[in-house]
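Enquirer:
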Amino acid sequence: MTSIDNEKTDNEYEKSTATLTEGFPMITTGKLVMVAASLSLLIFSATLSGTIISTATNSISKSFGTDNISWVAQSFLIISTALQPAWGKLSDIFGCRPPVLIGIVILLSFSVLAGLSVNMLMLIISRAFMGVGASACVAMVNIIISEMVPIQIRGEYMGVISAANGVGQVIGPLIGGIISENISWRWTMFVNIPVILIASVPVYFLVKLPSPSGSFKSKILDVDFKGIFILVLSITLILVGVDFGSKQSWGIPKSYLLISFGMIFLVLFLLVEYRTKRDPIISLCLFTYRNVSLNLIGALVTGYVMYVGIFFIPELFIALYNISSTSAGVNTWPWMVCVIFASVSSGIAISKLNIYIPFLWVGSGLLVVGFGLMCTVNTETAYAKIAGFISIIGLGIGLRMPSSTISAQVAVTKEELAQTTALLNFFRNMGGILGLSISKAVLISVFNDKTEPYHEQYPEYKEILKTISGGSSKEIFKISELSLQNELVAIYVKTLKIIFMICSVIAVVGLVASLFIKNISIENEASKKDLEEHLYD
Numbered sequence: 001m002t003s004i005d006n007e008k009t010d011n012e013y014e015k016s017t018a019t020l021t022e023g024f025p026m027i028t029t030g031k032l033v034m035v036a037a038s039l040s041l042l043i044f045s046a047t048l049s050g051t052i053i054s055t056a057t058n059s060i061s062k063s064f065g066t067d068n069i070s071w072v073a074q075s076f077l078i079i080s081t082a083l084q085p086a087w088g089k090l091s092d093i094f095g096c097r098p099p100v101l102i103g104i105v106i107l108l109s110f111s112v113l114a115g116l117s118v119n120m121l122m123l124i125i126s127r128a129f130m131g132v133g134a135s136a137c138v139a140m141v142n143i144i145i146s147e148m149v150p151i152q153i154r155g156e157y158m159g160v161i162s163a164a165n166g167v168g169q170v171i172g173p174l175i176g177g178i179i180s181e182n183i184s185w186r187w188t189m190f191v192n193i194p195v196i197l198i199a200s201v202p203v204y205f206l207v208k209l210p211s212p213s214g215s216f217k218s219k220i221l222d223v224d225f226k227g228i229f230i231l232v233l234s235i236t237l238i239l240v241g242v243d244f245g246s247k248q249s250w251g252i253p254k255s256y257l258l259i260s261f262g263m264i265f266l267v268l269f270l271l272v273e274y275r276t277k278r279d280p281i282i283s284l285c286l287f288t289y290r291n292v293s294l295n296l297i298g299a300l301v302t303g304y305v306m307y308v309g310i311f312f313i314p315e316l317f318i319a320l321y322n323i324s325s326t327s328a329g330v331n332t333w334p335w336m337v338c339v340i341f342a343s344v345s346s347g348i349a350i351s352k353l354n355i356y357i358p359f360l361w362v363g364s365g366l367l368v369v370g371f372g373l374m375c376t377v378n379t380e381t382a383y384a385k386i387a388g389f390i391s392i393i394g395l396g397i398g399l400r401m402p403s404s405t406i407s408a409q410v411a412v413t414k415e416e417l418a419q420t421t422a423l424l425n426f427f428r429n430m431g432g433i434l435g436l437s438i439s440k441a442v443l444i445s446v447f448n449d450k451t452e453p454y455h456e457q458y459p460e461y462k463e464i465l466k467t468i469s470g471g472s473s474k475e476i477f478k479i480s481e482l483s484l485q486n487e488l489v490a491i492y493v494k495t496l497k498i499i500f501m502i503c504s505v506i507a508v509v510g511l512v513a514s515l516f517i518k519n520i521s522i523e524n525e526a527s528k529k530d531l532e533e534h535l536y537d
């Protein structure tokens, strides 16, 4: 190890010991549990708001048509991702309460407006503002628990919150399908409102974190609005460009132009942050900390494989077993159960055993193995075998989520916790969007290439084939010729296997990155007495 590495390790350790008990609020165990439960409900609701729409688009198209239907989901996802880094800095300037309460109000208000939409434009705009509120809630939930709980016992709380986040990701499409098929798509917007209201009461009354000193005017002057605007513009251009490219298999210049402009604005953002006299939105020094930078890579990887799995595994079930979207969502239950089990149990183990590296390694390895096994699936594979494969993936995600957050947070000061936590969420969401976009492009390209002969042979099915390549495997069973139907199922499954193989390779990158994460101790002998006194009955 070089002298630079030694210096870096010492620096990280000194920073980590500063985050243990100093500056954390005194709170009873009962109240802290209540806060954690409400925060779990809040992050579940915020995440559910994004994923619930994926199976409701058919119902929405009956009300408003299919023009721009994809933007109902994309507007939420892009805006919620682009704003993630900003909330960390805003919480540093204004404290944790204002951002989370503003996020709750925005999410509630625009959930109502989205459900009452009278046209597609109103729905898309409402969904975009829902993304603003959801991004604040997701970011602030993780920041609040990090600000309230010393790192020695933070793992178990992070485990529960990670489980709630994971459940919201997986169960959203299932709930959306049930509600839109049996009631109305409008209730997919309303269903979260009671849950958010219940969660907001303990947050309002029990989250009593100290507010940074200074007048409101001075705090406003500290906000780097220029940096926020340029960053959001940059990320939005990149993500919109990626979305356009994925839909056309990267065959249109518009996508490359948008991505290029996005990258230019990203470089401009870095220059602005480097030179600004205000408090920068992202402290660039965070990227020099080994544990932070490697965990950001890991978050990108986790987001990539998680979103791809959530979207394409139900599509696999539909293609193999000719079932509804709702039934396909139900069939993903092993994934959800394993995410909950692994997140909660690893979080508790981190707190009790003061270790996190083994969970990172094992979780990363399970993602490689799980998606590798998914590459063996064919049209004859039984559901029980696939259930075992997705259980392995669920365990991998569950083990990685709390351990990656803790291993990044242990390397920074308490003042850097909010930004670090927000960055992890941002990279995870970015990975998810990139994963979906790349996978959709692969599906369109490979499926169209393999089915090209059928376009001339069966011209009457040309539009159906196009719809299937866009990720709607249920359309296969609208074809009356049984032999063609079986051939298309086989081609679709083979195409999905390529997508899963890419996920396995991407997961290897996360595994390699985890091997170089420094094992910084989360114990501090001098603070044990303070920790015991921190929580009282």
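Numbering (full-length UniProt numbering), first residue to last: 1 to 537. Glycine is no exception: its CB is placed at the ideal position from the N, C-alpha and C atoms. Computed from a predicted model, the values in this text were never measured in an experiment.
1. If you count every other CB in all the chains shown that lies within 10 Å of the CB of Ile520, and 16 or more means buried, which is it?
2. When you compare only the Cα positions, how much space is there between Leu373 and Val505?
3. Does the segment 313 to 329 come into contact with the segment 470 to 481, if we say contact requires no fewer than three beta-carbon pairs (one atom in each stretch) closer than 8 Å?
4. Considering only their Cβ atoms, is the gap separating Ile393 from Leu434 smaller than 8 Å?
5. Distance, Cα to Cα, Leu511 vs Glu452?
6. List the whole-angstrom C-beta distance separating Gly159 from Ile348, where the pair is believed to meet the contact cut-off of C-beta under 8 Å.
7. Helix, strand or coil for Thr420? Go by DSSP, reduced to three states.
8. For Cys375, collect the residues of the same chain with a Cβ closer than 6 Å to its Cβ; drop the 5 residues on either side in sequence, then sort them by chain order.
9. Note the first and the last residue of the continuous alpha helix (DSSP H) segment covering Ile52.
10. Ile43: buried (16+ other C-beta within 10 angstroms of its C-beta) or exposed?
11. Tell me which residues share the same chain as Asn165 and place their Cβ nearer than 6 Å to its Cβ, disregarding the 5 neighbours each side in the sequence.
12. For residue 540 and Leu123, I'd like the C-alpha separation in whole angstroms.
13. Is there contact here, the segment 77 to 93 with the segment 213 to 228, by at least three beta-carbon pairs under 8 Å?
14. Determine the burial state of Thr29: buried for a count of at least 16 other Cβ atoms within 10 Å of its Cβ, exposed for fewer.
15. Below 8 Å between beta carbons: does that hold for Lys518 and Arg290?
16. Where in the segment 101 to 187 do unbroken runs of the alpha helix (DSSP H), each at least 4 residues long, occur, reported from the N-terminal end onward?
17. Indicate the three-state DSSP secondary structure (helix, strand or coil) for Ile297 in the structure shown.
18. Are the Cβ atoms of Ser259 and Val242 separated by less than 8 Å?
19. For Leu39 versus Ile198, is the C-beta spacing smaller than 8 Å?
20. Taking only the alpha-carbon atoms, compute the straight-line gap between Pro334 and Val369 and give it to the nearest angstrom.
21. Once the 5 residues before and after Asp10 are set aside, which same chain residues still bring their CB inside 8 Å of it?
22. In angstroms, rounded to a whole number, what distance separates the CA positions of Phe341 and Phe205?
23. For Lys254, report the span of its alpha helix (DSSP H) as first-last.
24. May I have the straight-line CA-CA distance separating Ile318 from Gln169, to the nearest angstrom?
25. Report yes if the C-beta distance between Leu353 and Ser407 is below 8 Å; otherwise report no.
26. With C-beta atoms as the reference, is Gly396 less than 8 Å away from Ser364?
27. Can you name, in chain order, every residue of its own chain whose Cβ lies under 8 Å from the Cβ of Lys254, other than the five neighbours on each side?
28. Please state if the CB of Leu174 and the CB of Gly329 are separated by a distance shorter than 8 Å.
29. Any idea what DSSP makes of Ile281, helix, strand or coil?
30. DSSP three-state call for Ile27: helix, strand or coil?
31. Does the beta-carbon distance from Val377 to Val267 come in below 8 Å?
32. Could you name each continuous alpha helix (DSSP H) segment of 4 residues or more that falls completely within the segment 354 to 439, going from the start of the chain to the end?
33. I need the straight-line Cα distance from Gly65 to Thr495, nearest angstrom please.
34. Apart from the five residues on each side of it in sequence, which residues of its chain come closer than 7 Å, Cβ to Cβ, to Ile464?
35. Compare the C-alpha of Leu316 against each of Cys96, Leu443, Ile178 and Ser200 and name the closest.
36. Starting from the C-beta of Gly177, find all residues in its chain whose C-beta is less than 7 Å away, skip the five residues before and the five after it, and write them out in chain order.
Expert: Answer, in terms of the structure:
1. Position 520 of the sequence shown, counting from 1, holds the residue named residue 520. Under this definition Ile520 is a buried residue.
2. Residue numbering aside, residue 373 sits at position 373 when the sequence shown is read from its first letter. Residue numbering aside, residue 505 sits at position 505 when the sequence shown is read from its first letter. Approximately 12 Å, taken between the alpha carbons.
3. yes
4. For this step, residue 434 is matched to residue 434 along the sequence shown. For this step, residue 393 is matched to residue 393 along the sequence shown. Going by C-beta atoms, Leu434 is not nearer than 8 Å to Ile393.
5. Along the sequence shown, one-based indexing puts residue 511 at 511. Along the sequence shown, one-based indexing puts residue 452 at 452. For Leu511 and Glu452, the distance between alpha carbons rounds to 38 Å.
6. Residue numbering aside, residue 159 sits at position 159 when the sequence shown is read from its first letter. Residue numbering aside, residue 348 sits at position 348 when the sequence shown is read from its first letter. With 8 Å as the limit, Gly159 and Ile348 qualify as a contact, their Cβ atoms being about 6 Å apart.
7. Taking the sequence shown and counting its residues from 1, the one referred to as residue 420 is at position 420. Of the three classes helix, strand and coil, the one that applies to Thr420 here is helix, per DSSP.
8. Along the sequence shown, one-based indexing puts residue 375 at 375. Contacts found: Lys497, Phe500 and Met501.
9. What you label residue 52 is simply residue 52 of the sequence shown in a count that begins at 1. Counting along the chain, Ile52 falls outside any alpha helix (DSSP H), and DSSP gives it neither H nor E.
10. Walking along the sequence shown from the start, residue 43 turns up at place 43. Counting Cβ neighbours within 10 Å, Ile43 comes out buried, since at least 16 surround it.
11. On the sequence shown, position 165 is the one that residue 165 refers to. So the qualifying residues of the chain are Ile43 and Thr47.
12. Because the chain here runs from 1 to 537, residue 540 falls outside it and cannot be looked at.
13. yes
14. Within the sequence shown, numbered from 1, the residue matching residue 29 stands at position 29. Exposed is the call here.
15. In the sequence shown, counting from the first residue as 1, residue 518 sits at position 518. In the sequence shown, counting from the first residue as 1, residue 290 sits at position 290. Yes, the pair counts as a contact, with Cβ atoms nearer than the cut-off.
16. 120 to 148 and 151 to 182
17. Along the sequence shown, read from residue 1 onward, the residue named residue 297 stands at position 297. If DSSP states are grouped into helix, strand and coil, Ile297 belongs with the helices.
18. Taking the first residue of the sequence shown as 1, we reach residue 259 at position 259. Taking the first residue of the sequence shown as 1, we reach residue 242 at position 242. Checking the sequence shown, residue 259 turns out to be Ile, not Ser. Yes, the Cβ-Cβ distance between Ile259 and Val242 is below 8 Å.
19. By one-based count along the sequence shown, residue 39 stands at place 39. By one-based count along the sequence shown, residue 198 stands at place 198. No, Cβ-Cβ distance for Leu39 and Ile198 is not below 8 Å.
20. By one-based count along the sequence shown, residue 334 stands at place 334. By one-based count along the sequence shown, residue 369 stands at place 369. Computed Cα separation, rounded: 16 Å.
21. As a working mapping, residue 10 is identified with position 10 in the sequence shown. Bear in mind that a pLDDT of 45 at Asp10, under 50, signals an unreliable position, so the number given afterwards is only what the model happens to contain. No residues qualify anywhere along the chain.
22. Here residue 341 corresponds to residue number 341 of the sequence shown, with the count starting at 1. Here residue 205 corresponds to residue number 205 of the sequence shown, with the count starting at 1. Approximately 30 Å, taken between the alpha carbons.
23. If you number the sequence shown from 1, residue 254 lands on position 254. Start and end: Pro253 to Arg275.
24. Along the sequence shown, one-based indexing puts residue 318 at 318. Along the sequence shown, one-based indexing puts residue 169 at 169. So the alpha carbons of these two residues sit roughly 19 Å apart.
25. As a working note, residue 353 is residue 353 in the sequence shown. As a working note, residue 407 is residue 407 in the sequence shown. Cβ distance not < 8 Å, so Leu353 and Ser407 don't count as in contact.
26. Position 396 of the sequence shown, counted from the start, is the residue given in the question as residue 396. Position 364 of the sequence shown, counted from the start, is the residue given in the question as residue 364. A contact, by the Cβ cut-off of 8 Å.
27. Here residue 254 is taken as the residue at index 254 of the sequence shown, counted from 1. Here the set comprises Gly241 and Phe244.
28. Taking the sequence shown and counting its residues from 1, one reaches residue 329 at position 329. Taking the sequence shown and counting its residues from 1, one reaches residue 174 at position 174. Against a cut-off of 8 Å, the Cβ pair of Leu174 and Gly329 comes out as a contact.
29. Walking along the sequence shown from the start, residue 281 turns up at place 281. Ile281: coil per DSSP, three-state reduction.
30. Within the sequence shown, numbered from 1, the residue matching residue 27 stands at position 27. If DSSP states are grouped into helix, strand and coil, Ile27 belongs with the strands.
31. Counting from 1 along the sequence shown, the entry for residue 377 is found at position 377. Counting from 1 along the sequence shown, the entry for residue 267 is found at position 267. No, Cβ-Cβ distance for Val377 and Val267 is not below 8 Å.
32. 357 to 374 and 383 to 409
33. The sequence position of residue 65 within the sequence shown is 65, counting from 1. The sequence position of residue 495 within the sequence shown is 495, counting from 1. Whole-angstrom Cα-Cα distance: 29 Å.
34. Within the sequence shown, numbered from 1, the residue matching residue 464 stands at position 464. Closer than 7 Å at the Cβ level, and outside the excluded window around Ile464, lie Glu475, Lys478 and Ile479.
35. Here residue 316 corresponds to residue number 316 of the sequence shown, with the count starting at 1. Among Cys96, Leu443, Ile178 and Ser200, the Cα nearest to that of Leu316 belongs to Leu443.
36. Counting from one through the sequence shown, the residue named residue 177 turns up at place 177. Correct list, in chain order: Thr55, Ser325, Thr326 and Gly329.
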